[in-house]
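Counting along the sequence shown from 1, when you hit position 302 you're at 302 in the UniProt record's numbering, and nothing is skipped either side.
Where a beta carbon is used, it is the ideal one built from N, C-alpha and C, also for glycine.
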Amino acid sequence: MDLDRFLYHLQFQSERVIPADWKVAWEDAPLPYKLYQSLHEILLDCDIPHSLNEDTTTGLKKLSHLLWYVYGQTGYSETTMPLPDGPGEETIHTFRRYVPSGGGLYPSELYIYLKMEGVPDGIYHYDAAHHRLHLIREGNFDTFLTGALGNRCDVSEAQGVLFVTTMFWKNFFKYNHFAYRLQGLDAGALLGQWQKVSSRASLYTRIYFQFLDRPINHLLGLNDEEESTYAVVPFAESLQDQLENLAGSSWNRDIPEVETSHYQRSINVLGFPYIKKINQQAMFDSPAQFGEIKPKEAHVKMGPAHPLPDGEPLVYDLAEACRKRHSPELNFINRPISLKQLALLLKETMQPSGTDLYEKDGRSALTIYGCFHGVEGLSDGAYCYDADSHSLLEIRQGDFRLPLQKAMKVDNVNLHQVPICLHIIGERTHYKEELGYRGYRIQQMEAGILLQRLLLTASALGMNGHPLLGYDGKACDDLYLLKKTGETTLIQIPMGCYQPKSSLVGYLHT
């Protein structure tokens, strides 16, 4: 199977990337976090504020709070579920974080380059299990990182640089090669959480999806056959232009290897040839390979535009929204929502991207489509959200809950109980013309960023969403007439009001 066929199957025939005889070896499952051994550790502050709006700390203490809200272990839950193949029940034990992850497996890891008072300059790994940092290598790497980003960012002006990586085995053990699609979405949700949390801490951040992969992986001490960097995010308490538009300069790649060891629990780690192959093909070796995406200027209009109410930006306690966010599954309740709520949800989500893909932080090339039922002041139907005019473009009228339910491969959500079923839409060729095979994972990360914005905004509005990939993509594309636009659905998110789950939950918060 060539890589183009592999990506096609990921999008439209996911059963073909998972062997028919695939059995998950739960007894040999990896840990959902990476544990380094025999490295210098720095304990982070555990006196976490209950509201991000009240956090006035600085330096390492502020970073401690940011990392905990972004990717720390925030809770533990026990949920009793009926067995799928017969009578009886099983109890599911999970550690919770504030970002969603397919199967709760968290394949992403966080590394950080710090230049901060109280700790040595250097590269650190965030140990989410113990809320601490491990020092990977000590030193100042401003020039190295500036060059690895193609001289598009002056890292010497940054307080630090966040790196989001993916450990391939952490969810391959369950999902086989379908894990590649999940890994991009997971990394994107984590980046979306970082954007939200860091903005509350008055940090300027910019996400770089394009960089020289091998030097970055070398700096972090990664074996790119098992883990690779997906995004680089400089941050600073400074003006935006201080981190941009650096004139070209030479750089030194002569940094020695660093030897580390880590524990992941699995004894029998299987191969994942297509993920390894596409990861190698997606790597950039020169800034000449970097590209820029031009958002579509217009979508095919199938009906009139419905202007949405415009109001003040949504003000809410982000920490509270994080605590309330979860995936309701079968706990949605059929309750209508107002057009104002829908307008706030869409507008908050489609803010400028803050990435290196678009000129001057332009809005994402991805769009949001949705099927709505019972939204006050809006006829039932399928619509496309136009962010520029803040309006819904009508595609077709009608109640599409039944066709959407039939298109689901697993009936873990009752779509007749939700007023909103959203789809994040992107180009069918996944930016291959501009970015080669790197385009697929970047598009999935973009979708993950929008997904996390949707989920947090919905939580702030008293709702919740349930991200789904188990649906018939072709059927949803046909519903929205996407062949005419050359686009496809990337993820489905039913949203609405809900009742609490029957589960035992304990918050890990001092």
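Q: Output yes or no for whether 7 Å exceeds the beta carbon distance between L404 and L415.
A: As a working note, residue 404 is residue 404 in the sequence shown. As a working note, residue 415 is residue 415 in the sequence shown. Yes.
Q.
If you measure between the beta carbons of T229 and I216, is that distance less than 7 Å?
A. Here the question's residue 229 lines up with position 229 in the sequence shown. Here the question's residue 216 lines up with position 216 in the sequence shown. Yes, Cβ-Cβ distance for T229 and I216 is below 7 Å.
**Q.** the stretch 303-317 contacting the stretch 376-393, beta-carbon criterion three pairs below 8 Å
**A.** yes
Q: State the beta-bridge partners of D386 as determined by DSSP.
A: Taking the sequence shown and counting its residues from 1, one reaches residue 386 at position 386. Answer is S391, bridged to D386.
(Q) Count Cβ pairs between the stretch 26-35 and the stretch 122-132 that sit closer than 8 Å; are there 3 or more? (A) yes
**Q.** Below-7 Å beta-carbon distance, R396 vs any chain C residue
**A.** No chain C is part of this structure, which consists of one protein chain only.
Q. When the Cα atoms are used, what is the spatial distance from L3 to N176?
A. Against the sequence shown, residue 3 aligns to sequence position 3. Against the sequence shown, residue 176 aligns to sequence position 176. Rounded to whole angstroms, L3 to N176 spans 16 Å at the Cα level.
**Q.** Euclidean distance between Cα positions of D154 and G147
**A.** Walking along the sequence shown from the start, residue 154 turns up at place 154. Walking along the sequence shown from the start, residue 147 turns up at place 147. For D154 and G147, the distance between alpha carbons rounds to 9 Å.
Q. Given D380, which residues of its chain have a CB within under 7 Å of its CB, disregarding the five upstream and five downstream residues?
A. Within the sequence shown, numbered from 1, the residue matching residue 380 stands at position 380. Closer than 7 Å at Cβ, skipping near neighbours: F372, H373, Q397, G398 and D399.
Q | Buried versus exposed call for N279 [16 or more other C-beta atoms within 10 Å across all chains shown] | A | For the purposes of this step, residue 279 is taken as the residue at position 279 of the sequence shown. Buried, since its Cβ has 16 or more Cβ neighbours within 10 Å.
Q: Just the C-alpha distance for D28 and Y507, rounded to the nearest angstrom, thanks.
A: Taking the first residue of the sequence shown as position 1, residue 28 is located at position 28. Taking the first residue of the sequence shown as position 1, residue 507 is located at position 507. Those two C-alpha atoms are separated by around 27 Å.
Q: Determine contact between the stretch 101-114 and the stretch 8-27, defined as no fewer than three beta-carbon pairs at a distance below 8 Å.
A: no
Q | From D121, F141, R323 and L222, residue whose alpha carbon lies closest to that of L456 | A | Reading the sequence shown from its first residue, position 456 is the one you call residue 456. Here the closest residue by C-alpha is R323.
Q.
So, does the stretch 39-46 touch the stretch 177-195, judging by three or more C-beta pairs under 8 Å?
A. no
(Q) Here's the rule: buried if 16 or more other CB atoms are within 10 angstroms of the residue's CB, otherwise exposed. What is H93? (A) As a first step, residue 93 is located in the sequence shown; it is residue number 93 there, counting from the start. Exposed, because fewer than 16 other Cβ atoms sit within 10 Å of the Cβ of H93.
Q | When D224, L67, A282 and L222 are compared against R132, the one with the closest alpha-carbon | A | The count along the sequence shown starts at 1 and reaches residue 132 at position 132. Here the closest residue by C-alpha is L67.
Q) Would DSSP call residue 545 helix, strand or coil? A) Coverage of the chain is limited to positions 1 through 510, which leaves residue 545 absent and any answer about it impossible.
Q. Which whole-angstrom value is the C-beta distance of S389 and L450, which I expect to be below 8 Å?
A. By 1-based counting over the sequence shown, the position of residue 389 is 389. By 1-based counting over the sequence shown, the position of residue 450 is 450. Going by Cβ atoms, the distance from S389 to L450 rounds to 19 Å, so no, they are not a contact pair.
Q) Would you call H90 buried or exposed, if buried means 16 or more other Cβ atoms sit within 10 Å of its Cβ? A) If you number the sequence shown from 1, residue 90 lands on position 90. A quick correction: the sequence has Glu, not His, at residue 90. That one is exposed.
**Q.** Beta-carbon contacts of Q499 that lie in its chain and below 6 Å, excluding the five residues immediately before and after
**A.** The count along the sequence shown starts at 1 and reaches residue 499 at position 499. Contacts found: N331 and I333.
(Q) Comparing C-alpha positions only, which one of Y263, T57 and R96 sits nearest to S38? (A) Position 38 of the sequence shown, counting from 1, holds the residue named residue 38. Looking at the Cα atoms, Y263 is the closest of the given residues.
**Q.** Bounding residues of the alpha helix (DSSP H) (the contiguous stretch that carries H65)
**A.** Counting from 1 along the sequence shown, the entry for residue 65 is found at position 65. Residues G59 to Y71.
Q: Buried or exposed for S502, please, with buried defined as at least 16 other CB atoms from any protein chain shown within 10 angstroms of its CB.
A: The sequence position of residue 502 within the sequence shown is 502, counting from 1. It counts as exposed.
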